[in-house]
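Protein chains in written order, with our numbering: chain S, 36 to 427; chain P, 19 to 369. Beta carbons: idealized from backbone N, C-alpha and C, even for Gly. Down below is the structure, laid out as structure tokens.
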Amino acid sequence: MKRLMTALAATTCLTAPALADDERIVVGFATAETGFMQAYDKPAQDAAMIRIAEINAAGGLLGKQIEVVNADTKTDRAEGAKAGLTVIDAGADMVVVSCDYDFGSPAALAAESAGLPSFFLCAESIKAGIQGVGPNSFSASVLAAVQGATMAEWAHNKKGARTFYRLLDTWTEYNKGICDGFDWMLPQLADAKLVGEDTFLNEDASIAAQITRIKALPEEPDAIMLCTMMPGAVSAIKQIRAAGINSMILNGSGVDGSYWLSAVPDLSNFFVPVQGSIYGDDPNPDVTAFNARYKEATGGDPSTQYVYPGYVMIDVWAKAVERAGTTETAAVVAELEKMNAEPTLFGPRTFTSEIHHQNRARYLIVETKAGKPGVVDEWTISEAIPVAELMK
Amino acid sequence: MMSPSVARRTIATPVLLGLLLIAFALVAVAVGSKPFNQTVIDIFLKVIFVVGLWVFVGNSGVISFGHIAFACLGGYVAAWTTIKPMMKGMSMPGLPDWLMQTEIPYWGSAMVAAGWAALWALIFGSVLMRLSGIAASIATFAMLAMVNSIYSNWESVTAATSSVVGIPIIRSIWPYLVAALISVFVAWAYGISRHGLALRAARDEPTAAAASGIDIPRARLIAFVISGAIMGMGGALYSHSIGIVTPDTFYLGLTFITLSMLVVGGMGSLSGAVLGVLILSTLIQTLRWLEAGVQLGEITLALPGGVQEIALGAVMILILMFRPAGIMGNKDLSLPQRAALETRGPTGPRT
Numbered sequence: 036m037k038r039l040m041t042a043l044a045a046t047t048c049l050t051a052p053a054l055a056d057d058e059r060i061v062v063g064f065a066t067a068e069t070g071f072m073q074a075y076d077k078p079a080q081d082a083a084m085i086r087i088a089e090i091n092a093a094g095g096l097l098g099k100q101i102e103v104v105n106a107d108t109k110t111d112r113a114e115g116a117k118a119g120l121t122v123i124d125a126g127a128d129m130v131v132v133s134c135d136y137d138f139g140s141p142a143a144l145a146a147e148s149a150g151l152p153s154f155f156l157c158a159e160s161i162k163a164g165i166q167g168v169g170p171n172s173f174s175a176s177v178l179a180a181v182q183g184a185t186m187a188e189w190a191h192n193k194k195g196a197r198t199f200y201r202l203l204d205t206w207t208e209y210n211k212g213i214c215d216g217f218d219w220m221l222p223q224l225a226d227a228k229l230v231g232e233d234t235f236l237n238e239d240a241s242i243a244a245q246i247t248r249i250k251a252l253p254e255e256p257d258a259i260m261l262c263t264m265m266p267g268a269v270s271a272i273k274q275i276r277a278a279g280i281n282s283m284i285l286n287g288s289g290v291d292g293s294y295w296l297s298a299v300p301d302l303s304n305f306f307v308p309v310q311g312s313i314y315g316d317d318p319n320p321d322v323t324a325f326n327a328r329y330k331e332a333t334g335g336d337p338s339t340q341y342v343y344p345g346y347v348m349i350d351v352w353a354k355a356v357e358r359a360g361t362t363e364t365a366a367v368v369a370e371l372e373k374m375n376a377e378p379t380l381f382g383p384r385t386f387t388s389e390i391h392h393q394n395r396a397r398y399l400i401v402e403t404k405a406g407k408p409g410v411v412d413e414w415t416i417s418e419a420i421p422v423a424e425l426m427k
Numbered sequence: 019m020m021s022p023s024v025a026r027r028t029i030a031t032p033v034l035l036g037l038l039l040i041a042f043a044l045v046a047v048a049v050g051s052k053p054f055n056q057t058v059i060d061i062f063l064k065v066i067f068v069v070g071l072w073v074f075v076g077n078s079g080v081i082s083f084g085h086i087a088f089a090c091l092g093g094y095v096a097a098w099t100t101i102k103p104m105m106k107g108m109s110m111p112g113l114p115d116w117l118m119q120t121e122i123p124y125w126g127s128a129m130v131a132a133g134w135a136a137l138w139a140l141i142f143g144s145v146l147m148r149l150s151g152i153a154a155s156i157a158t159f160a161m162l163a164m165v166n167s168i169y170s171n172w173e174s175v176t177a178a179t180s181s182v183v184g185i186p187i188i189r190s191i192w193p194y195l196v197a198a199l200i201s202v203f204v205a206w207a208y209g210i211s212r213h214g215l216a217l218r219a220a221r222d223e224p225t226a227a228a229a230s231g232i233d234i235p236r237a238r239l240i241a242f243v244i245s246g247a248i249m250g251m252g253g254a255l256y257s258h259s260i261g262i263v264t265p266d267t268f269y270l271g272l273t274f275i276t277l278s279m280l281v282v283g284g285m286g287s288l289s290g291a292v293l294g295v296l297i298l299s300t301l302i303q304t305l306r307w308l309e310a311g312v313q314l315g316e317i318t319l320a321l322p323g324g325v326q327e328i329a330l331g332a333v334m335i336l337i338l339m340f341r342p343a344g345i346m347g348n349k350d351l352s353l354p355q356r357a358a359l360e361t362r363g364p365t366g367p368r369t
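This is how it looks when you write it as structure tokens:
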């Protein structure tokens with residue numbers, strides 16, 4: 036029984052919850068500080084902190100300094116719900132949740148039921164928002180489908196690609212999303228033809244069977260739409276090139292970054308859509324300046340474009356708060372929904388009462404040539420992907 | 019079924035455990051913080067799972083790696099029966115029409131989940147319960163892998179690996195307390211019933227038990243079905259506690275944490291199951307607070323992230339070093355004057 040008493044005593048040693056206070060503006064981060072999601076959440080959160088520091092240095096928001104509270108989700112859903120409730124109890128006016136829909140939604144649902152706005156750091160599923168959480172939930176990134184659609188239209192218009200091959204890694208919703216966007220765009224492109232399609236799994240050690248089917252085509256396709264992500268992407272790309280297939284490879288943003296390029300030496304004819312360039316050649320010099328600030332704050336360059344949505348998130352939210360003159364949820368959400376092609380460092384952003392995500396966005400096209408990635412173009416799809424299409 | 023004297027002699031155990039759980043709930047109410055409330059809900063859910071596990075593992079002596087599969091079955095019953103029909107049509111279009119139109123309250127879904135999990139426990143159990151020892155353990159693990167695999171791939175009915183959202187979230191602590199109390203009392207009642215006694219006899223002396231006319235597979239099957247029902251109820255409530263359900267929530271992570279809680283608490287007794295959860299959860303929570311940082315005057319003391327997992331492992335090793343049979347061993351909590359009687363071991367009813 037003595038042990039029990041100790042146990043009970045330990046549970047009562049709680050600090051009283053901080054009371055919500057209208058005099059403060061608090062952003063609550065219910066994100067992963069440990070576990071595998073940390074690798075996704077931390078960089079975007081660092082970028083968000085840079086924007087918060089900028090706003091505070093410029094006099095704050097509505098004349099108040101933005102404060103930050105954190106709670107670790109431990110890359111666990113049940114802990115995620117607790118983390119959400121923790122930052123809400125600490126007085127958060129806006130709740131930032133994990134990058135991924137699956138891991139971010141418990142905290143976002145907690146914010147939604149407390150009547151607070153929530154932002155996914157970089158989720159790219161339509162569910163991260165109104166459709167999967169509720170009317171006060173947003174995502175700071177761009178839908179995966181837009182990436183597939185962007186690559187298809189750009190390759191068709193700018194590279195003259197006519198024959199396409201679709202190779203889908205069925206591991207995640209993100210991968211499927213890229214190919215869904217590609218599927219939506221392809222029939223709208225004049226003379227474009229799908230000459231074949233196949234699927235594989237991220238963990239497959241060999242995709243020899245799929246490659247044999249590509250090789251069996253009468254002619255090599257102009258472009259291969261590769262809907263996959265790390266870590267399986269590297270092996271797939273390596274095998275495609277090793278088999279002597281030299282078609283353009285079109286990708287989603289998930290393979291951005293130069294950290295893996297040494298595994299496929301002299302990779303060429305390889306294209307990735309990005310929201311901003313980490314390679315120091317962004318057409319907007321402010322992005323390069325941001326990269327330098329990021330390095331100063333964290334000690335390293337951004338490793339992929341998934342750093343940027345964190346910055347955009349605080350940027351658009353702060354603008355909405357400024358315009359609403361309050362942090363009150365309904366007013367802030369209404370202001371966010373009024374944003375139509377709102378300029379940000381990483382392209383214009385639009386939110387409507389129907390969709391709290393980007394179903395159309397400007398993408399920079401990064402080409403990897405002889406193992407060196409660099410921005411070669413930019414593209415915005417001619418038409419936004421209809422919400423009904425995204426919900427399929 | 020059971021002689022009143024046994025019930026009277028042992029009722030102190032579930033009552034004391036129940037009071038302990040109620041004390042945890044009252045602490046949560048007194049503290050009044052939302053995250054702490056959620057933590058205590060989480061503890062109650064673990065109590066349900068571990069008690070469910072104990073009903074089978076504790077009484078039969080067969081370690082089961084598969085019980086979380088029943089929680090998974092229950093978790094999806096909550097999704098099938100409580101999500102608004104419109105949202106269900108979007109994420110799980112393959113559900114039969116009558117189920118698509120069904121929308122019942124959370125307690126209804128917990129009951130249906132218990133029934134559904136019990137049904138599958140009966141089906142699986144009729145085969146698995148013929149095995150013993152390590153073969154039975156591995157077979158239960160195979161069952162877990164099978165259920166996980168089906169639920170991760172049956173896109174039209176379970177939305178595959180995507181999260182199913184829209185399950186009504188219940189943040190009040192009382193339903194979870196009531197469910198935990200129900201599982202403790204059901205487990206106790208089963209333990210002192212003739213079936214529970216027969217199973218424990220078969221655990222300790224299989225040959226003698228069989229010679230005395232105990233049908234061992236049948237005795238195990240009864241425990242398996244009851245524990246399956248408790249796990250199913252827990253699974254449904256778990257879904258209601260966070261509002262989403264995915265198959266990987268109910269897989270290896272939850273399997274091993276619940277088994278460790280049972281082993282550390284003491285597989286041999288119901289009190290061991292409940293105390294294992296309460297003690298380990300309290301420890302985990304304390305370490306998490308330390309990780310988050312504790313304000314001591316001017317300075318904030320904080321452990322590096324990830325220490326919690328390491329410290330938990332170390333503490334578990336220490337407990338098992340000094341108490342190999344778990345914290346409670348084979349003893350149950352009881353009132354002091356009864357203790358002397360209890361140590362002689364259960365005499366059990368004569369039938």
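Tell me which same chain residues have a C-beta within less than 7 Å of the C-beta of glycine 184/P, skipping the five on either side of it? By the criterion of a C-beta distance shorter than 7 Å, glycine 184/P is surrounded in its chain by Ile101, Lys102 and Met105, once the five residues flanking it on both sides are discounted.
With distances taken Cα to Cα, identify the nearest neighbour of tyrosine 94/P among Leu277/P, Phe62/P, Ser127/P and Gly70/P. Ser127/P
Find the nearest neighbour of leucine 239/P within the set Leu195/P, Ser299/P, Val196/P and Leu146/P, judged by alpha-carbon distance. Leu146/P
Residues of the stretch 114-141 of chain S with a CB closer than 7 Å to any CB of chain C: list them in chain order, please. In the structure shown, chain C cannot be found, because the protein chains are S and P.
Hey, is the stretch 101-118 of chain S in contact with the stretch 54-61 of chain P, meaning 3+ C-beta pairs nearer than 8 Å? Cβ pair count under 8 Å is three or more, so yes.
Could you tell me the distance, in whole angstroms, from the CA atom of phenylalanine 268/P to the CA atom of alanine 87/P? Between phenylalanine 268/P and alanine 87/P, the C-alpha separation is close to 7 Å.
Residues of chain P with a CB under 8 Å from the CB of threonine 69/S: which are they? Chain P residues near threonine 69/S: Gly323 and Gly324.
Distance between proline 141/S and threonine 179/P (C-alpha atoms, nearest Å): Cα to Cα, the separation comes out at about 16 Å.
Going along chain S in order, which residues have a C-beta closer than 9 Å to the C-beta of aspartate 350/P? Per Cβ cutoff of 9 Å: no residues; aspartate 350/P is ~13 Å from chain S at best.
Just checking my contact of tryptophan 219/S with isoleucine 420/S at CB under 8 Å: how many whole Å lie between their CB atoms? 6 Å
Tyrosine 398/S (DSSP reduced to helix, strand or coil): Residue state, collapsed to three classes: strand.
Reduced DSSP secondary structure (H/G/I, E/B, other) of asparagine 171/S: coil
Less than 8 Å separating the Cβ of proline 193/P from some heavy atom of the ligand PLP? Questions concerning the ligand PLP fall outside what the structure shown contains, since it holds no ligand whatsoever.
4-residue-minimum alpha helix (DSSP H) runs that sit fully inside the stretch 162-235 of chain S, ordered along the chain: 179-194 and 208-220
Any beta carbon from chain P within less than 9 Å of leucine 144/S's own beta carbon? yes
Status (buried if at least 16 other CB within 10 Å, exposed otherwise) for threonine 225/P: exposed
Under 9 Å between C-beta atoms, does glutamine 56/P make it to chain S? Closer than 9 Å: yes.
Listed from N- to C-terminal order along the chain, which residues in the stretch 194-219 of chain S have their beta-carbon within a distance smaller than 7 Å of any beta-carbon of chain P? Glu208
Sufficient close CB pairs (3 or more, under 8 Å) joining the stretch 355-366 of chain S to the stretch 266-275 of chain S: no
For valine 103/S and proline 266/S, I'd like the C-alpha separation in whole angstroms. 33 Å
Going by Cα to Cα distance, which pick from Trp116/P, Phe74/P and Gly112/P is closest to serine 384/P? Absent from the model: residue 384/P. The displayed extent of chain P is 19 to 369, so no value can be given.
Phenylalanine 274/P to phenylalanine 83/P span [Cα, whole Å]: 8 Å
Close-in-space but distant-in-sequence residues of the same chain around asparagine 210/S (CB under 7 Å, 5 per side omitted): Leu203, Asp204, Cys262, Thr263 and Met264
Around the C-beta of aspartate 115/P, are 16 or more other C-beta atoms found within 10 angstroms, so that it is buried, or is it exposed? exposed
Would you verify that the beta carbon of serine 148/S is, or is not, closer than 9 Å to some beta carbon of chain P? So yes, serine 148/S belongs to the interface.
Buried or exposed, going by whether 16 or more other CB atoms sit within 10 Å of the CB of arginine 221/P? buried
Less than 9 Å between CB atoms is the rule here; does methionine 426/S satisfy it with respect to chain P? yes
Could you check whether the Cβ of glycine 167/S sits closer than 9 Å to any Cβ belonging to chain P? yes
Excluding the five sequence neighbours on either side, which residues of its own chain have a C-beta within less than 7 Å of the C-beta of asparagine 375/S, listed in chain order? Thr385, listed in sequence order.
Can you name the residues that DSSP bridges to lysine 99/S? According to DSSP, residue pairing for lysine 99/S in a beta bridge involves Leu96/S.
Close Cβ partners of isoleucine 246/S (< 8 Å) along its chain, the five nearest in sequence each way excluded: Gln274, Ile275, Ala278 and Ile280
For isoleucine 260/P, which residues from the same chain have a beta carbon less than 6 Å from its beta carbon, with the 5 sequence-adjacent residues on both sides left out? none
In angstroms, rounded to a whole number, what distance separates the CA positions of histidine 258/P and proline 186/P? 6 Å
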